[in-house]
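What follows is a single structure, written as structure tokens, with notes after it.
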Amino acid sequence: MRNDPEAGSSDSLVASRESLVQAHVIHDFRPKTVLENLAGCYGTLIRGVYREMLPLMKGRRIIDCGCGFGQFSRVALDAGFEVTPIDIDDVSLTLARDIFSIPCRKESIYATSLPDGSCDTAVCCDSIQHFDINKFVPELKRLGVQRIVIYDSNISNPMLTAYWLMAGHKERNDRTADAIVREFCEHGYDVSALRYENVIALPISGGFQRPPVPLVHHFPSAIRRVDALISRAARLLRLDRRLTFRFLLVLDRRETSVPRSGSELVRQP
170 MRNDPEAGSS DSLVASRESL VQAHVIHDFR PKTVLENLAG CYGTLIRGVY REMLPLMKGR
230 RIIDCGCGFG QFSRVALDAG FEVTPIDIDD VSLTLARDIF SIPCRKESIY ATSLPDGSCD
290 TAVCCDSIQH FDINKFVPEL KRLGVQRIVI YDSNISNPML TAYWLMAGHK ERNDRTADAI
350 VREFCEHGYD VSALRYENVI ALPISGGFQR PPVPLVHHFP SAIRRVDALI SRAARLLRLD
410 RRLTFRFLLV LDRRETSVPR SGSELVRQP
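For the sequence shown, my numbering begins at 170 and goes up steadily by one.
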């Protein structure tokens with residue numbers, strides 16, 4: 170059977186974009202800056218991250234939850250995966266179609282139009298903080314998702330939270346990686362891997378919203394190599410949770426009904 174998106178979807182599908190921005194369900198952005206950064210240092214760096222994530226996919230059928238501008242979907246499609254990109258922001262979806270030519274859909278991640286058992290892996294890149302996990306998981310289970318891969322901001326880093334405070338940036342939810350693990354564990358998905366990374370790459374490249382650091386941003390390959398070395402050193406010193414700007418989390422659907430704490434399962438991918 171197919172799920173009826175109108176029957177169970179959030180009001181976010183019919184809400185105005187302004188109201189969604191005010192509720193921090195989506196972010197407003199400057200398209201010119203986004204386009205420049207996608208074509209520059211940040212775009213190069215994030216495509217490298219996404220290519221390295223591909224071996225973590227379980228199966229070939231991916232749902233890209235909150236696909237945004239579509240970078241991950243484009244990388245996965247080019248690698249031969251079947252990808253369904255979903256988002257609710259019309260402006261982001263337009264850019265995704267125009268820049269990356271991906272077949273994205275405007276649908277609620279709580280009630281997609283996809284058939285039962287049609288997905289193997291759910292990917293959430295910079296989107297999990299916008300989701301209500303209690304509503305999200307039932308749809309993932311209906312779709313047959315066995316693995317969830319999350320790449321997002323690490324709010325355990327005080328430098329990041331201080332910057333957000335100064336910039337007036339807010340997320341709908343402010344959950345640490347550990348808090349996200351606990352919520353998914355309650356719903357039958359256990360952590361298989363958790364890694365903190367990115368000490369200098371994000372600040373130098375500017376992400377989507379800020380201009381990059383002058384001159385240095387012309388060398389993304391060197392930035393990535395140096396950042397990998399610093400991130401590795403931070404992990405060895407057990408400082409990665411506090412110094413890095415990003416985390417990569419992999420969760421697998423539990424095969425038994427025995428609840429697990431999550432914290433005891435954390436390891437590096």
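Ideal Cβ placement from N, Cα and C applies to all residues, glycine included.
Give a yes or no on whether the C-beta atoms belonging to F305 and L371 are separated by under 8 Å. The residue given as residue 305 occupies position 136 in the sequence shown. The residue given as residue 371 occupies position 202 in the sequence shown. If you check the CB distance, F305 and L371 do not come in under 8 Å.
In whole angstroms, give me the CA-to-CA distance for P428 and I349. Reading the sequence shown from its first residue, position 259 is the one you call residue 428. Reading the sequence shown from its first residue, position 180 is the one you call residue 349. Reliability of the predicted coordinates at P428 is poor, the pLDDT of 48 falling under 50, and the value obtained from them is presented with this limitation in mind. Their Cα atoms are separated by approximately 16 Å.
How many angstroms separate the CA atom of D173 from the CA atom of S185? In the sequence shown, counting from the first residue as 1, residue 173 sits at position 4. In the sequence shown, counting from the first residue as 1, residue 185 sits at position 16. The predicted position of D173 is uncertain, since its pLDDT is 38 and thus under 50; a value taken from the coordinates is nonetheless stated next. Rounded to whole angstroms, D173 and S185 show a C-alpha spacing of 21 Å.
Within the continuous alpha helix (DSSP H) that includes V218, where are the two ends? On the sequence shown, position 49 is the one that residue 218 refers to. Per DSSP, the unbroken alpha helix (DSSP H) holding V218 starts and ends at C210 to M222.
What residues are listed by DSSP as bridge partners for I317? By one-based count along the sequence shown, residue 317 stands at place 148. According to DSSP, which records beta bridges pairwise, I317 is partnered with A291 and L420.
Measuring CB atoms only, is the region 313-324 touching the region 248-266, in the sense that at least three cross pairs come out at less than 8 Å? Two segments are said to touch when three or more pairs of C-beta atoms, one from each, lie closer than 8 Å; by this definition the region 313-324 does not touch the region 248-266.
Unbroken alpha helix (DSSP H) run spanning C354, endpoints: Here residue 354 corresponds to residue number 185 of the sequence shown, with the count starting at 1. Per DSSP, the unbroken alpha helix (DSSP H) holding C354 starts and ends at A346 to E355.
With which residues is L363 paired in a DSSP beta bridge? By 1-based counting over the sequence shown, the position of residue 363 is 194. For L363, DSSP records a beta bridge to L418.
Could you say which of L264, C234 and H299 lies nearest to E276 if we only look at CA atoms? If you number the sequence shown from 1, residue 276 lands on position 107. Nearest to E276 by C-alpha distance, out of L264, C234 and H299, is C234.
Mark E366 as exposed unless 16 or more other C-beta atoms lie within 10 angstroms of its C-beta, in which case mark it buried. Counted from its first residue, the sequence shown places residue 366 at position 197. Residue burial is scored here from C-beta neighbours: E366 has at least 16 other C-beta atoms within 10 angstroms and is therefore classed as buried.
Assigned exposure category for D256 - 16 Cβ within 10 Å defines buried: By one-based count along the sequence shown, residue 256 stands at place 87. Here D256 is buried, its C-beta having at least 16 other C-beta atoms within 10 Å.
Check T330 in the structure and name its three-state DSSP category. For this step, residue 330 is matched to residue 161 along the sequence shown. If DSSP states are grouped into helix, strand and coil, T330 belongs with the helices.
Looking at the strands, I want to know which residues DSSP matches up with D233. Stepping through the sequence shown from its first residue, residue 233 is reached at position 64. Bridge partners of D233: P254 and V292.
As a quick exercise: from S322, A403 and L262, pick the residue whose alpha carbon is nearest that of H299. Stepping through the sequence shown from its first residue, residue 299 is reached at position 130. Closest by alpha carbon: S322.
Where D347 and E355 are concerned, what is the direct C-alpha to C-alpha distance, given to the nearest angstrom? The residue labelled residue 347 in the question sits at position 178 within the sequence shown. The residue labelled residue 355 in the question sits at position 186 within the sequence shown. One C-alpha to the other measures close to 13 Å.
In angstroms with no decimal places, state the Cα-to-Cα distance between D301 and I373. In the sequence shown, the residue the question calls residue 301 occupies position 132. In the sequence shown, the residue the question calls residue 373 occupies position 204. Taking the straight line from one Cα to the other gives about 31 Å.
Terminal residues of the continuous alpha helix (DSSP H) containing A403? For the purposes of this step, residue 403 is taken as the residue at position 234 of the sequence shown. A403 -> alpha helix (DSSP H) spans P389 to L405.
Using a 10 Å radius around the Cβ and a threshold of 16 neighbouring Cβ atoms, would you call A280 buried or exposed? Residue mapping note: residue 280 aligns to position 111 of the sequence shown, counting from 1. It is buried - the Cβ of A280 has at least 16 other Cβ atoms within 10 Å.
Beta-carbon proximity list for R274, same chain, < 6 Å, skipping 5 on both sides: Translated into the one-based positions of the sequence shown, residue 274 becomes position 105. The residues are I255.
Using the C-alpha atoms, what's the distance from D258 back to H338? As a working mapping, residue 338 is identified with position 169 in the sequence shown. As a working mapping, residue 258 is identified with position 89 in the sequence shown. Taking the CA atoms as reference points, H338 sits about 18 Å from D258.
Option in R243, I278, L363 and D285 with minimal Cα separation from A265: In the sequence shown, counting from the first residue as 1, residue 265 sits at position 96. Per the Cα distances, R243.
Check the C-beta distance from G228 over to T330 and give it rounded, since I have them as a contact under 8 Å. By one-based count along the sequence shown, residue 228 stands at place 59. By one-based count along the sequence shown, residue 330 stands at place 161. The pair is not a contact, with the Cβ atoms about 36 Å apart (cut-off 8 Å).
Check whether the Cβ atoms of L214 and P389 lie closer than 8 Å to each other. Here residue 214 corresponds to residue number 45 of the sequence shown, with the count starting at 1. Here residue 389 corresponds to residue number 220 of the sequence shown, with the count starting at 1. With respect to the 8 Å criterion, L214 and P389 are classified as neighbours on the basis of their beta carbons.
In whole angstroms, give me the CA-to-CA distance for L405 and L283. If you number the sequence shown from 1, residue 405 lands on position 236. If you number the sequence shown from 1, residue 283 lands on position 114. Spanning the two alpha carbons is a distance of roughly 43 Å.
Give me the Cα-Cα distance between S261 and S296, rounded to the nearest whole angstrom. The residue labelled residue 261 in the question sits at position 92 within the sequence shown. The residue labelled residue 296 in the question sits at position 127 within the sequence shown. Taken atom to atom, the span from the alpha-carbon of S261 to that of S296 is near 13 Å.
So, using beta-carbon positions, are S325 and R379 closer together than 8 Å? Translated into the one-based positions of the sequence shown, residue 325 becomes position 156. Translated into the one-based positions of the sequence shown, residue 379 becomes position 210. Using a Cβ distance threshold of 8 Å, S325 and R379 do not count as a contacting pair.
Note down, in chain order, each residue of its chain lying with its Cβ closer than 8 Å to the Cβ of R344, except the 5 sequence neighbours on either side. Taking the first residue of the sequence shown as position 1, residue 344 is located at position 175. So the qualifying residues of the chain are I297, Q298, I324 and E352.
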